[in-house]
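Taking it in order: structure first as C-alpha cells, then the write-up.
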Amino acid sequence: MNLLEVRNVTKSFGSLTAVSGVSLNVAPGELRAVIGPNGAGKTTFFNLISGFFPPTSGAIVFDGRDITAVSASARVRNGMARTFQITEIFPEVSVYENVRVAAEVAAGLRLRPWIGRRHGAEIARLVDEILDLTGLTSKASRLVGELAHGDQRAAEIAMSLALKPRLLLLDEPTAGMGDQETYDITSLIRKLHRKGGHTIVLIEHDMRVVFHLADRLTVLDQGCLLAEGTPQEIAANAAVQAAYLGNSE
Amino acid sequence: MSANKTRYLKLGVIWLLLLAIPLWLPLFGGYQALGTRVLVLGLAAMSLNLLLGFTGVLSFGHAAYFGLGAYGTGLALKLLTHSTPLALICGVLLGGVAGALLGALIVRRRGVYFAMVTIAFGQVFYFIAFRWNTLTGGDDGLRGFERQPLDFGPWSADILHSPTLFFYFVLALFALAVGAMGFLLRSPFGRTLLAIRENERRARFLGIPVEMHIWLSFTLSCFFMSLAGGLNALLNNFADPTMLNYTQSGEIVIMIVLGGMRSFWGPLVGAAVFVLLQDYLSSLTTNWMSFLGAIFVVMVLFFPRGVLGMNWPEAFRTLRGVLRRRGRQESGELP
Amino acid sequence: MTDLILFNVTNGLIIGAFYVLMALGLSLILNLSGVINFAHGGFLALGAYMAYTIAPYVGFWAALLLAPILVALLGLVIERLMIHRLYGRDPLYSLLLTFGLAFIFEDVTRAIWGATGLPFSVPEYLSQPVSDKFFFITYYRLFMVAVVAVAVSGLFLFLRFSRLGVRIRAGTFDLDTVSSLGVNVRALRSFNFALGIFLAGLAGVLAGGQLSLEPTMGTSLLMPSFVAIIVGGVGSLTGTLLGGLLIGIASGITTVFWPAASDAVIYVMMAVVLLIRPRGLLGEEGLLS
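Top line first, the protein sequences correspond to chains A, B and C.
Going by the working numbering, the first residue of the first sequence is number 183, and it counts up by one from there.
Going by the working numbering, the first residue of the second sequence is number 229, and it counts up by one from there.
Going by the working numbering, the first residue of the third sequence is number 3, and it counts up by one from there.
Here it is in C-alpha cells:
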C-alpha cells in the first residue's frame with residue numbers, strides 16, 4: 183500500500199491555476215524527487231500535500247486516510263513533517279531548544295505544564311541522538327539564528343526528524359548552498375533514506391543531486407504532471423528535455 | 229550546574245529584595261502603599277508579558293481584564309461576601325472567563341489587527357463600567373467596600389489596618405502567580421508559546437495547533453491580569469472606570485517595554501520605574517501627561533529593548549568610546 | 003416618536019460622517035504603513051483649536067481649509083522625524099509611539115488653550131434651523147454632511163484617477179512591487195500620512211462648529227473609528243466608509259430606545275461581524291494579519 187496518495191489535485195488562485203490535476207503515489211521507504219522548471223508549481227504542490235492551503239479539487243490520502251480537510255498542524259501530528267525553501271527556524275533560541283520543542287510536541291507533551299523525570303530523560307536522549315545524526319552536537323548551545331546557512335538547514339531537518347515523521351517533505355534542501363554544504367546535506371538525506379529507512383519526498387533544483395539520490399522522479403511543468411519514472415527513464419524522456427531546454431536557465 | 233547556581237542566586241536576591249521592601253523602601257522616602265502598588269502593577273505587566281513577550285501576540289486591551297478583576301472583587305465584597313480571598317476569586321473568575329470568551333473570538337487575527345480588536349473590545353467593558361451607574365457607580369467609581377481581615381481559624385491578619393500585613397498578603401499572591409508563570413514558561417507548554425513567538429509558521433508545521441495555544445496563553449494571561457486588578461481594588465478599596473480604559477492598557481504595555489519584554493523580570497522592573505517616576509513627577513508638575521508621553525517616545529525610539537533587555541556592557545563601552553574620542557579631540561591628540 | 007427617531011437617525015448620520023472622516027484617515031495610514039495612529043484624535047483636536055485661533059484673522063471659510071493644512075504639515079514633520087523610523091518594525095513600537103504622542107498632544111493643547119470648553123462660532127446664516135418643524139436640522143449640520151461628502155468623494159476620485167492615488171492603493175496590497183517599480187515609497191508614505199492627518203484636521207474644524215472645543219474631543223472619536231475600520235474590513239476604504247456610516251446610524255437608533263447602550267452597541271456590531279465574517283464587510287483576508 184502507498185504511504186501517500188495524491189489524487190488529481192488542482193489549485194487555482196483566482197484565474198491562475200498553479201497546479202492542475204496532478205497525481206502522485208509514494209510507497210513506504212521511497213525517496214521521491216519532484217522536479218520541474220521555475221514556475222512549474224512544485225512548491226504549491228508541496229503546500230497542498232502539507233496542508234498549507236486546501237486544494238481547489240482532488241484528494242490527498244495519507245496512510246490510507248483521506249486528509250484533504252485536515253489542518254496543517256494535525257497532518258504533522260499524524261506523521262508528516264516538512265521543511266521550507268526559505269529555512270523556517272526559531273532564530274532566537276538555541277539549536278538544542280529548537281529540536282527539543284519538536285521532540286516534545288511529537289511525544290504529545292505540548293499541553294503539559296510540567297515534564298516528569300522519565301519523559302525529560304527520553305526527550306533528552308532523542309534530542310542528543312538527532313543532533314548527533316545531523317552533525318550539530320558541537321553547536322547545540324548556539325542560537326540557530328547565528329549559524330551558517332547550511333547549519334540552519336540541518337537544524338530545520340533535525341527538527342523535522344525529532345517529530346519522528348513517517349513522511350518527510352523537503353522543499354529544495356540545497357537551495358542557496360555552496361558545494362561543500364550541498365554535499366553535506368545530500369549525504370545526510372542519503373543516510374536518512376538508506377540507513378534510517380525514511381520515506382522522503384523532496385523538491386530539488388540541482389539535477390546532479392536528484393539523479394544521485396532519488397529512487398523515482400516526478401516532473402511537473404506549468405502546473406501539470408509531465409512525466410514520472412526512474413532517473414534513467416526521465417533522463418531519456420523527450421518531453422522532459424523539451425521542457426527544460428525550452429525554459430533553460 | 230553553575231548556570232543553575234547563578235539562576236538560584238539571582239532568584240534568591242530578587243525575592244530577598246522583595247521581602248525586605250517594607251524595611252528599605254521608607255529609607256528612600258517611599259511609603260508602604262507605593263511598594264504594594266509596584267507589586268500589583270508588576271504582576272499586571274508580567275501577566276500581559278506572558279502574551280506579549282513570550283507568545284509574541286500584541287494585546288492592547290488588557291486593562292479591561294485588570295478592571296474586570298477589580299470590579300469583580302469590589303462588587304463581591306460589597307454585595308456577596310465578607311471574605312477577601314473569596315472576593316478575589318470572584319474577580320479572577322469574572323476577568324478570566326471574559327478573557328476566555330473574547331479570546332476565542334479574536335484568536336485568528338494577528339499583528340496590528342489583533343491589537344485593534346483587543347483595544348476595541350476592551351472599551352466595551354470600559355463603557356459598561358462607565359454607564360451602569362446603579363451597579364458600578366459610573367464615572368465616580370465603585371465605592372463602599374473594604375478589604376476584610378483574613379481569618380485562619382485561630383489566627384487572623386488585619387490586612388485592612390496594617391499596610392505592612394497587606395503588603396505581605398499581596399506579595400504572597402504575587403509569588404504564587406509569578407511562580408506559576410515561571411514554572412509554565414519552563415514547561416513543554418511554555419516552550420510551544422516561545423516557538424509561536426519565534427516563528428508561527430514553523431510552530432504550525434511542528435504540529436502545534438497555533439490558535440489553540442494562543443487562546444490558552446491569552447486566557448491564562450487574562451486570569452493573572454484579573455488577579456492583579458483584584459489586588460488593586462483591595463489596595464485602594466476603590467475601583468474606577470479609567471482602570472479599564474485603553475490608556476491603562478498602554479501604560480501596562482510601556483511598563484513591559486521599559487523593563488524589557490524578552491526578560492521574565494523585566495516587566496516588574498519596568499513597573500517599578502514607572503510607578504516611582506509617576507509618583508515623583510506628578511508631585512513636581514501638572515504636566516505629567518507630557519512626561520509620560522515623552523517616556524513612550526524616548527523608549528520606543530532609543531531603548532526599544534528596555535532596561536533588562538539592553539546590552540549594558542556594550543552600551544557603556546560605546547559611551548566610553550565616544551567620551552574618549554571626544555576627550556582626545558578636545559586635547560588635540562590625533563585619533 | 004417618528005420625530006424622535008428621525009432626530010436620532012440624523013444625529014447618527016452626522017456622527018457617522020465624523021467617524022468616516024476620522025476612520026478614512028486612520029485607514030489610509032494603517033493600510034500603507036501598518037501604523038495604528040493613536041495620535042489621530044490629538045490631530046483632530048488640534049485642527050479644531052487651530053481653526054479657532056486663526057478664524058478671527060482669516061475668517062471661517064479660510065480657516066476651514068487652512069487649519070487642516072497646518073495640522074497636516076505638523077503631521078508630516080512628525081512622520082519624517084519619528085514615525086518613519088519604525089516602519090517595518092514590530093507594530094508594537096509605532097503603536098506605543100503614537101500613543102505617547104497622543105498624551106503629549108492632549109497635554110500641550112490643554113496647556114495652550116486651557117481645559118475648559120471653548121466656543122467656535124460658525125457664520126450666523128449657517129446656524130439657523132432649516133425649518134420650524136425640523137428645528138434640529140440646522141444649515142450647519144447639512145453643511146457638515148456636505149463637506150464630508152465632498153471630501154470623501156474627492157479622496158476616492160483622487161485615489162482612483164491620480165497617479166499618486168493609484169500608487170497609494172497599489173501599495174496597500176503589495177508595497178514591494180510598488181517599490182521595485184521605482185516609486186519612492188518613503189515619500190509616498192509621508193504624503194499618505196499627511197493626507198490622513200488632513201482628514202483628521204478637517205473633521206476637527208467641522209466638529210468644532212458643532213461641539214465645544216476640548217482637548218479630549220478627538221479621543222472620544224478614536225475608538226468608534228477603529229470599530230468602523232474593523233466592521234468595514236481592514237484594507238478596504240469603501241468598507242471603512244460603509245462601516246462609519248453604519249455604526250453612526252446604529253448608535254443613533256439605539257439612543258432612541260436605550261440611551262445607555264448607545265456607546266456599547268457599536269462594539270456589539272463589531273463582535274457580530276467578527277463572528278460571522280471575520281475579515282469585515284469588504285475586507286481582504288490576510289491583509290495585515
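No residue lacks a Cβ here, since even glycine has one placed at the ideal position from N, Cα and C.
Here the structure is a predicted model, which is why all the values come from computation and not from measurement.
(1) DSSP puts residue 264 of chain A in a beta bridge; with which residues?
(2) Kindly list, in the order they appear in chain C, the residues whose Cβ is closer than 9 Å to that of residue 522 of chain B.
(3) Grab the span of the beta strand (DSSP E) containing residue 383 of chain B for me, first residue to last.
(4) Which one of A/275, A/362, A/285 and A/189 has the shortest CA to CA distance from residue 329 of chain A?
(5) Look at the alpha carbon of residue 430 of chain B and the alpha carbon of residue 270 of chain A, and state the distance between them as a whole number of angstroms.
(6) Assuming residue 250 of chain B contacts residue 263 of chain B (C-beta within less than 8 Å), just tell me the rounded distance between them.
(7) Would residue 275 of chain A pass as an interface residue toward chain B - the criterion being a Cβ-Cβ separation below 9 Å?
(8) Taking the C-alpha atoms as reference points, what is the distance between residue 93 of chain C and residue 207 of chain A?
(9) Taking the straight line between their C-alpha atoms, what separation do you get for residue 234 of chain C and residue 334 of chain B?
(10) Smallest Cα separation from residue 49 of chain C: which of C/203, C/246 and C/61?
(11) Please classify residue 238 of chain B: is it buried, with 16 or more other beta-carbons within 10 angstroms of its beta-carbon, or exposed?
(12) For residue 532 of chain B, go through chain C and note every residue whose CB falls closer than 7 Å to its CB, in chain order.
(13) For the pair the region 439–451 of chain B and the region 314–331 of chain B, tell me if three or more CB-CB distances fall below 8 Å.
(14) Give a yes or no on whether the minimum CB-CB distance between residue 24 of chain C and chain B is below 9 Å.
(15) Can you pull the chain A neighbours of residue 426 of chain B, defined as C-beta to C-beta under 7 Å?
(16) Which residues, in chain order, does the region 473–484 of chain B contribute to contact with chain C at a C-beta distance below 7 Å?
(17) Answer yes or no: does any C-beta atom of chain C fall closer than 9 Å to that of residue 515 of chain B?
(18) Look at residue 316 of chain B and residue 462 of chain B and say whether their C-beta atoms are less than 9 Å apart.
(19) Cα separation between residue 72 of chain C and residue 60 of chain C?
(20) Going by C-alpha distance, which of B/488, B/482, B/468 and B/475 is nearest residue 358 of chain B?
(21) According to DSSP, what are the bridge partners of residue 406 of chain A?
(22) Considering just the uninterrupted stretch of the beta strand (DSSP E) at residue 242 of chain A, what are its terminal residues?
(23) Under the three-state reduction of DSSP, which class applies to residue 190 of chain A: helix, strand or coil?
(24) Starting from residue 534 of chain B, trace the beta strand (DSSP E) both ways and give me its first and last residue.
(25) Does residue 207 of chain A come out as helix, strand or coil in the three-state DSSP assignment?
(26) Are the region 221–235 of chain C and the region 72–91 of chain C touching, with three or more C-beta to C-beta distances below 8 Å?
(27) Which residue from C/197, C/192 and C/173 puts its Cα closest to that of residue 184 of chain C?
(28) Return the Cβ separation of residue 265 of chain A and residue 342 of chain A in integer angstroms, given the expectation that the two are a contact with Cβ distance under 8 Å.
(29) Count the other C-beta atoms from every protein chain shown that fall within 10 angstroms of the C-beta of residue 361 of chain B, then say buried if there are 16 or more, exposed otherwise.
(30) Return helix, strand or coil for residue 278 of chain C, following the three-state DSSP convention.
(31) Pop quiz: residue 387 of chain B and residue 402 of chain B are said to be a contact at Cβ under 8 Å. What is the actual Cβ separation, rounded to whole angstroms?
(32) Say whether chain B places a C-beta atom closer than 9 Å to the C-beta of residue 383 of chain A.
(33) Helix, strand or coil, according to DSSP, for residue 178 of chain C in the structure here?
(34) Using beta carbons (cut-off 9 Å, strictly below), is residue 311 of chain A in contact with chain B?
(35) Under the rule that 16 or more other beta-carbon atoms within 10 Å means buried, what is residue 403 of chain A, buried or exposed?
(36) Just the C-alpha distance for residue 309 of chain B and residue 275 of chain B, rounded to the nearest angstrom, thanks.
So, from the data block:
(1) Within the DSSP bridge table, the entry for residue 264 of chain A names A/351 as partners.
(2) Going along chain C in sequence order, the residues near residue 522 of chain B (Cβ under 9 Å) are 102, 105 and 106.
(3) 383–385 is the span of the beta strand (DSSP E), which, as asked, contains residue 383 of chain B.
(4) From the listed residues A/275, A/362, A/285 and A/189, the smallest Cα separation to residue 329 of chain A is found for A/275.
(5) Each residue's alpha carbon lies about 6 Å from the other.
(6) The C-beta distance from residue 250 of chain B to residue 263 of chain B rounds to 7 Å, short enough to fall under 8 Å.
(7) So yes, residue 275 of chain A belongs to the interface.
(8) Across the structure, residue 93 of chain C and residue 207 of chain A are spaced so that their CA atoms are roughly 44 Å apart.
(9) About 16 Å.
(10) Nearest C-alpha to residue 49 of chain C: C/203.
(11) With fewer than 16 neighbouring CB atoms inside 10 Å of its own CB, residue 238 of chain B falls in the exposed class.
(12) Among the residues of chain C, those whose CB is under 7 Å from the CB of residue 532 of chain B are 95, following chain order.
(13) Put simply, the region 439–451 of chain B touches the region 314–331 of chain B. At least three CB pairs are less than 8 Å apart.
(14) Among the CB atoms of chain B, none fall inside 9 Å of the CB of residue 24 of chain C.
(15) Chain A residues near residue 426 of chain B: 272, 273, 274 and 275.
(16) For chain C, the residues of the region 473–484 of chain B that bring a beta carbon within less than 7 Å of one of its beta carbons are 478, 481 and 482, in chain order.
(17) Chain C contact via Cβ: present.
(18) Residue 462 of chain B sits close to residue 316 of chain B, with the two beta carbons spaced by under 9 Å.
(19) Near 14 Å, if we compare the C-alpha coordinates of residue 60 of chain C and residue 72 of chain C.
(20) Taking the Cα of residue 358 of chain B as reference, the smallest distance to any Cα among B/488, B/482, B/468 and B/475 is reached at B/468.
(21) Looking at the DSSP assignment, residue 406 of chain A forms a beta bridge with A/403.
(22) Where residue 242 of chain A is concerned, the enclosing beta strand (DSSP E) stretches over 239–244.
(23) In the three-state DSSP reduction, residue 190 of chain A falls in the strand class (E or B).
(24) DSSP places residue 534 of chain B outside any beta strand (DSSP E); the residue lies instead in the alpha helix (DSSP H), whose first and last residues are 534–537.
(25) Of the three classes helix, strand and coil, the one that applies to residue 207 of chain A here is strand, per DSSP.
(26) Because the criterion of three Cβ pairs below 8 Å is not met, the region 221–235 of chain C and the region 72–91 of chain C do not touch.
(27) Just measuring C-alpha positions, the residue of C/197, C/192 and C/173 sitting nearest residue 184 of chain C is C/173.
(28) Right, the Cβ-Cβ distance comes to about 6 Å (below 8 Å), so this counts as a contact.
(29) Classification of residue 361 of chain B: exposed, given that the 10 Å Cβ count is below 16.
(30) When secondary structure is reduced to three states using DSSP, residue 278 of chain C falls in the helix class.
(31) 14 Å between Cβ atoms; not a contact.
(32) Judged by the 9 Å Cβ criterion, residue 383 of chain A is not in contact with chain B.
(33) The answer is helix: DSSP assigns residue 178 of chain C an H, G or I state.
(34) Using a Cβ-Cβ cut-off of 9 Å, residue 311 of chain A does not count as an interface residue toward chain B, since no Cβ of chain B sits closer than that to its own.
(35) Taking a 10 Å sphere around the C-beta of residue 403 of chain A, we find 16 or more other C-beta atoms and assign the residue as buried.
(36) Rounded to the nearest angstrom, the two C-alpha atoms are 27 Å apart.
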